Structures are given as C-alpha cells and as structure tokens.
Amino acid sequence: MGVTGLLRVATAGSVDDGKSTLVGRLLYDGKAVLADTLQAVSSASRARGSELDLSLLVDGLRSEREQGITIDVAHRYLSTPARDVILIDCPGHVEYTRNTVTGMSSADVALLLVDVRNGLVEQTRRHAAVAALLRVPHLILAVNKIDLTGYDQTAFAQVVTDAEAYAKEVGIARVTAVPVSAKAGDNVSVPSPSTPWYEGPTLLHLLASVEVPVRAGAPLRLPVQWVAPGRRYTGTVASGVLRPGDDVVVQPSGRRTRVRTLEDADGELDAAGEGAAAAVTLADDLHVGRGELIAAADAPADVVREFVADLAILGERPVRAGDRVLVRHTGRVVRGLVREVTDTVDIDTGRRRPADRLETNDIGRVTIAVAEPLAVDPYGLDRTTGAALLLAERTGDAIAAALVRRPEQGDR
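FYI, in full-length UniProt numbering the residues of the sequence shown are 1 to 412.
Take a look at the structure:
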C-alpha cells in the first residue's frame, strides 16, 4: 500500500445528481482550469442567466452541452501536492453503462455521487455493482447537495448506512463517504463550517491521500501485440518484471526459453515493469504470434478451453446458453460458445439470483468454451489476461465484457 504518483479516479452518478458540477468543482478548486476556458464558461453561464456553472467545464461535446447531459467518457487532469489525478468522467444515463464499464476498468478509485435527498437510486446501485465487478480497490461516496437539506447529519447518515449495506452485498469491503455541496463547494477542497458533525477529510484531500495497493511480486505477463523484424516480440508488460536472462514460457504452446535481449524505443533495458512497453528477443528460435503470452516459467497462466466469467452486457443483444460468439482476449480472437448462464445480479438488492439469460446492462455469471486454448488468469490477479470481450460472430459488435473467475481446465 502507498500513495503513488498517479491516481485514476472514475467518477459516476445518476442523472441530475450533480456529477458534472462536482468534477468541475474539483478542477476549479484544484487550479486545473485555464483562464480562457474559465472565461468561456463564465460567458456561457451568463448567457443562460445563471451564476458560474462549473458543469460546463466537463460537458465535452457541443451537442451534450446543448442538451445538458454527459454521454462520453472524458479524461480530466489535476494535480495535488501529493500526486497527479486523472478524473475519468463516466456518463450517468443507463443507456451508456457500457461507457462506465470502460471508464472503471482502469480505475484505482470509484467516486460515486449520490443526491442526499434521493439516496441510492437504481443507476447508483448499478455503478457500485460495476465497481465491485471490476475490482476497483476503493469506493468513495460523495453525498451531494447536503446544503439543500440544511446540512442534515441524519440524512447523510442514512445514505451512508444504505450504501454500506449495498456494498456488502456486491462484495465491496469499505465505503468512504463525504458530505458535499458541489455547487457551493462544501467539503470539496475546504472543510465546511456548516458540517461541524463531519470530522473527515475533504474530498480533494481524500483523493490526494488514498492508498492504492501495490502489486508486489505479481508474476510476469507480457501479451505479444506485434512481431517486429528480427523476431522482436513487442507489447506492454501487464504485470511483473521482465529482465534479460529470465526463464519464460510462451503460452498457450507451453514452449520454454529465456529472454535474450530487452529494449524500448530509447535502447536496451535492464528491466521492464508493469505498464512498460518493450521489445523482447528470445534465446531460442521460436515462432511466437500476436496474442500469445510470454509468462514467468515458474508461475504461468492457466491454459484453458473453458472458463467461468462474470459478464457486463454492453449491447442490446441478450446472452443465452448456446450462443456462438467471438472471444477477443489480449491480441487474439477465437470462436466461443456460451455453455451456461448461471445467475445475474439483482440491482435493487445487490444479491445474485438464478437466470437463464442476460439482458442489456445486466451483470451475470456464465461458462464459456473456446475453440482454441487461451492463456488466462483470474481477473483479480491480472486485469489484462483476466479480461476478454465477447463479440457478435457476424458483425463483430461488442456484446459483453467478460472477467475470468476461474479456469475449468488447465494444462500448464
């Protein structure tokens, strides 16, 4: 655990809970707004007959700004004395849950906004379930519009109680809640004198100080993205550390070899860690293709033809047992079959219930068989080798994000 130099925060909330205003407030208070941008927002606010509308700082598309909604996933940047922060601004409308899945997939923190007067509405619960599914390490609850309750501690406490109960059902261990007014600025960057009953940190201080788990000792995983001339196998290290001389295994074939050289765009490397782009040559003359995996010889991935996965449905097509799909895993695309649909998450309660099909925006568990072996890890171990995308056979359209829970058979 530790305070790292970069924090990825996915912000989400139901429509009209004030998420865009909160993100705008964080940018404004964090001194991350250019003077000309602020001037443009001030002019647009006056044209609407309102005071400074900070939501206009994050409504990135002109059509959205005209309609007053946010539908894309936008990345905003701010700096604190302790670290840099990327705000991944996810849409609030239920139709765009797939965008939220994309936004949260790389997040260290899920920042969920709740209108204190409405409590946990359906879309807030859905966002919490998605955060749990994607194993986002931290959940922060910004309980907004506290000023409209007269800064009522009881109203805040009720939302927190409900959120903690729901989080427990979907598998989130801890919720950190902050009472805020995005519009007035209460407890966003400066403690509010109107909430003397709240003794915790401001939202900005919380983001600056939250500890992110560091995956020490994770096994090496390097999915091959491209084969360059000279049999240099290029890709981004998904986990672990790679060094010249390391014993590795190429999966799914199972061929063992050693790393001969390691380099990046600037020259030779002594080591490449998680997130580093690198080109590798191997000691043996092997044919390694795009989508194959270079893994630690003493801790390889599971090579499977069938696996259990949690799905987040991304399109309008339902998923049923017997459906034929394409499975995109790292750089490979193979044919697959949905063998079984087991259950789905009841968004109202957070509990799982039996199901034989999954509909739009559902989260559920399935068993998938593949025509060719894949080298996979449980998603909790590796977010790259543990994730796949289900595609329609004929069109290639995205159907669902698949997160591997466990392999059904292995051949290491």
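Virtual Cβ for every residue (Gly too), placed ideally from N, Cα, C. Predicted model only: the values in this text are computed from it and were never measured.
Residues near residue i in its chain [Cβ-Cβ closer than 8 Å; skip 5 each side]
{"i": "R405", "result": "F307, V308, A309, D310, R365, P378, Y379"}
{"i": "G275", "result": "T236, V237"}
{"i": "V241", "result": "L220, A271, A272, G273, E274"}
{"i": "G396", "result": "L326"}
{"i": "L293", "result": "R221, L222, P223, V224, V250, Q251, P252, A301, T330, A375, T385"}
Per-residue burial, residue i [other beta carbons within 10 Å of its own, 16 or more giving buried]
{"i": "Q251", "result": "buried"}
{"i": "T239", "result": "Looking at the sequence shown, residue 239 is not Thr but Ser. By the neighbour-count rule (16 or more Cβ atoms within 10 Å), S239 is buried."}
{"i": "T70", "result": "Residue confidence for T70 is low, a pLDDT of 41 falling below 50, so the modelled location carries little weight; the figure read from the coordinates is stated next. With 16 or more other Cβ atoms within 10 Å, it is buried."}
{"i": "R324", "result": "exposed"}
{"i": "L139", "result": "buried"}
{"i": "A35", "result": "exposed"}
{"i": "Y77", "result": "exposed"}
{"i": "R48", "result": "exposed"}
{"i": "G291", "result": "buried"}
{"i": "L203", "result": "buried"}
{"i": "P229", "result": "exposed"}
{"i": "residue 413", "result": "Nothing about residue 413 can be reported from this structure: the residues present for the chain run from 1 to 412 only."}
{"i": "G24", "result": "buried"}
{"i": "S14", "result": "buried"}
{"i": "G386", "result": "buried"}
{"i": "L87", "result": "buried"}
{"i": "T161", "result": "exposed"}
{"i": "S79", "result": "exposed"}
{"i": "R353", "result": "exposed"}
Spatial distance of residue i from residue j (CA atoms)
{"i": "D29", "j": "S189", "result": "6 Å"}
{"i": "L314", "j": "L112", "result": "20 Å"}
{"i": "R117", "j": "N187", "result": "18 Å"}
{"i": "A32", "j": "P191", "result": "20 Å"}
{"i": "A167", "j": "G103", "result": "20 Å"}
{"i": "A173", "j": "D108", "result": "15 Å"}
{"i": "A400", "j": "A312", "result": "5 Å"}
{"i": "residue 451", "j": "G119", "result": "Residue 451 lies beyond the residue range present for the chain, which begins at 1 and ends at 412; the question has no answer from this structure."}
{"i": "A155", "j": "T149", "result": "8 Å"}
{"i": "L207", "j": "V288", "result": "42 Å"}
{"i": "A165", "j": "S105", "result": "24 Å"}
{"i": "R317", "j": "T342", "result": "18 Å"}
{"i": "L38", "j": "L57", "result": "8 Å"}
{"i": "V212", "j": "P137", "result": "7 Å"}
{"i": "V180", "j": "L27", "result": "15 Å"}
{"i": "V85", "j": "V9", "result": "7 Å"}
C-beta neighbour in chain B for residue i, strict 9 Å
{"i": "V136", "result": "Given the protein chain composition of this structure (a single chain), no chain B is represented."}
Whole-Å CB distance - residue i paired with residue j, under 8 Å assumed
{"i": "A272", "j": "L262", "result": "6 Å"}
{"i": "A375", "j": "A301", "result": "4 Å"}
{"i": "T367", "j": "T330", "result": "Not really, about 21 Å apart at Cβ, beyond 8 Å."}
{"i": "L133", "j": "L403", "result": "6 Å"}
{"i": "A182", "j": "L22", "result": "4 Å"}
{"i": "V280", "j": "R328", "result": "V280 to R328, Cβ: 23 Å. No contact."}
{"i": "A369", "j": "G336", "result": "6 Å"}
7 Å Cβ shell around residue i - same chain, five flanking residues per side excluded
{"i": "T100", "result": "A12, C90, P91, H127, V130"}
{"i": "G68", "result": "With a pLDDT of 45 at G68, under the threshold of 50, the predicted position of this residue should be treated as unreliable, though the coordinate-derived value follows. Cβ within range, chain order: n/a, list empty."}
{"i": "S42", "result": "L52"}
{"i": "L286", "result": "V250, R255, T257"}
{"i": "D362", "result": "I313, T344"}
{"i": "D284", "result": "T257"}
{"i": "A296", "result": "P219, L220, G240, V248"}
{"i": "T349", "result": "E169"}
Neighbourhood of residue i by C-beta distance below 6 Å, restricted to the same chain and skipping five residues each side
{"i": "Y151", "result": "S194, T195"}
{"i": "R135", "result": "G380"}
Residue i beta carbon near the ligand GTP (any heavy atom closer than 8 Å)
{"i": "A271", "result": "Within the structure as shown, the ligand GTP is missing, as the structure has no ligands at all."}
*Fully enclosed by the stretch 203 to 277, which beta strand (DSSP E) runs are 3 residues long or longer?*
For the stretch 203 to 277, whole beta strand (DSSP E) runs of length 3 or above, ordered along the chain, are 221 to 223, 226 to 228, 232 to 236, 247 to 251, 255 to 264.
_Extract the residue ranges of the alpha helix (DSSP H) inside the stretch 151 to 188, only unbroken runs of 4 or more that lie entirely within it._
With a minimum length of 4 residues, the continuous alpha helix (DSSP H) runs that stay inside the stretch 151 to 188 are 153 to 170.
*Contiguous alpha helix (DSSP H) assignments of at least 4 residues, all confined to the stretch 314 to 380*: Taking only runs of at least 4 residues, no alpha helix (DSSP H) segment lies wholly in the stretch 314 to 380.
*Quick one: which unbroken beta strand (DSSP E) runs of 3-plus residues sit fully inside the stretch 92 to 152? Chain order, please.*
Every beta strand (DSSP E) stretch that sits fully inside the stretch 92 to 152 and reaches 3 residues is listed by chain position as 109 to 115, 138 to 144.
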